[in-house]
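Worksheet for the structure shown next.
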Amino acid sequence: MNRKLTLTAVCIILAVAAVAIFPYLSLNPDSSRTSLTPNFPLHYPLLVLHIATALLALLSGLVQLSAHYRAKYPKRHRVLGRVYVISIFISGLLGLVLAFYAETYTKALAFLALSLLWLWTTWQGYRYAVRGNLVQHRRWMVRSYAITLVAITARLVVPLCILFYLIFHGFHLPEGGRERMVAEILNVNIWLGLLINVIIVEWGFVHRSGDIYDRKSDGK
429 MNRKLTLTAV
439 CIILAVAAVA
449 IFPYLSLNPD
459 SSRTSLTPNF
469 PLHYPLLVLH
479 IATALLALLS
489 GLVQLSAHYR
499 AKYPKRHRVL
509 GRVYVISIFI
519 SGLLGLVLAF
529 YAETYTKALA
539 FLALSLLWLW
549 TTWQGYRYAV
559 RGNLVQHRRW
569 MVRSYAITLV
579 AITARLVVPL
589 CILFYLIFHG
599 FHLPEGGRER
609 MVAEILNVNI
619 WLGLLINVII
629 VEWGFVHRSG
639 DIYDRKSDGK
């Protein structure tokens, strides 16, 4: 990936992340974009902690993707790696809890699948690092970061989902209007984001390229 494309991707990731977390900076439950369960007072605090640790994983993982950074600062790489893993285990476990309070069954399944995949891929990456198998460690961490980025991809595909929704309905909103359209799109955008990221990472990086990192570190 050339430098301009990389910089563009990083800017998009950071911009989408900033928009996503902005409503939660005030720590005001009324600003939450997620419907809160009235009889579960910990819903909002756990949601904020989930978002904060997910953001920490997003930022620490973004730095870790740089082969130059890993080669120049191996100690920092290991420290940030621990931060990344711990952040995901906290956020992923909270995601499992919060999934049971999702607005719809489809969303609940999406959050459950996402959290389980996140925890599993990260655990695999950590396990291979401890064993000293760096090739498998890097491959699994690429997979882990692909899951981390689902939060970004799921938001980026919303305009595309809107277009297909309107085409499917003959460019006429069904009964329920825009609210129904948004609700139905938000039931599928997470699944679509997950599917896109898995395809990209498996076909574009892990299998097709062999190892995204080795080629750079070998100077190829």
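Just remember that my numbering sits 428 ahead of the position in the sequence shown, which is counted from 1.
The C-beta atom is built at its ideal place from N, Cα and C for all residues, glycine as well.
Short check: CB of A557 to CB of S515, under 8 Å?
no
The alpha helix (DSSP H) with I618 in it runs from where to where?
605 to 627
Distance check for I618 and R567, CA to CA, integer angstroms please.
23 Å
So within the segment 477 to 565, which uninterrupted alpha helix (DSSP H) runs reach at least 4 residues, ignoring any that extend past its ends?
495 to 500, 502 to 527, 533 to 559
Pull up the distance between the alpha-carbon of R555 and that of L601, whole angstroms please.
Those two C-alpha atoms are separated by around 49 Å.
With burial defined as no fewer than 16 other Cβ atoms inside 10 Å of the residue's Cβ, what is the status of A611: buried or exposed?
Looking at its Cβ environment, which holds fewer than 16 other Cβ atoms inside 10 Å, A611 is exposed.
Please state whether DSSP places R571 in a helix, a strand or coil.
helix
Check H471 in the structure and name its three-state DSSP category.
helix
So for G632, helix, strand or coil by DSSP?
Note: G632 maps to helix in three-state DSSP.
Would you kindly report the start and end of the unbroken alpha helix (DSSP H) that includes V438?
431 to 449
Please report the distance separating the alpha-carbon of L542 from that of F528.
13 Å
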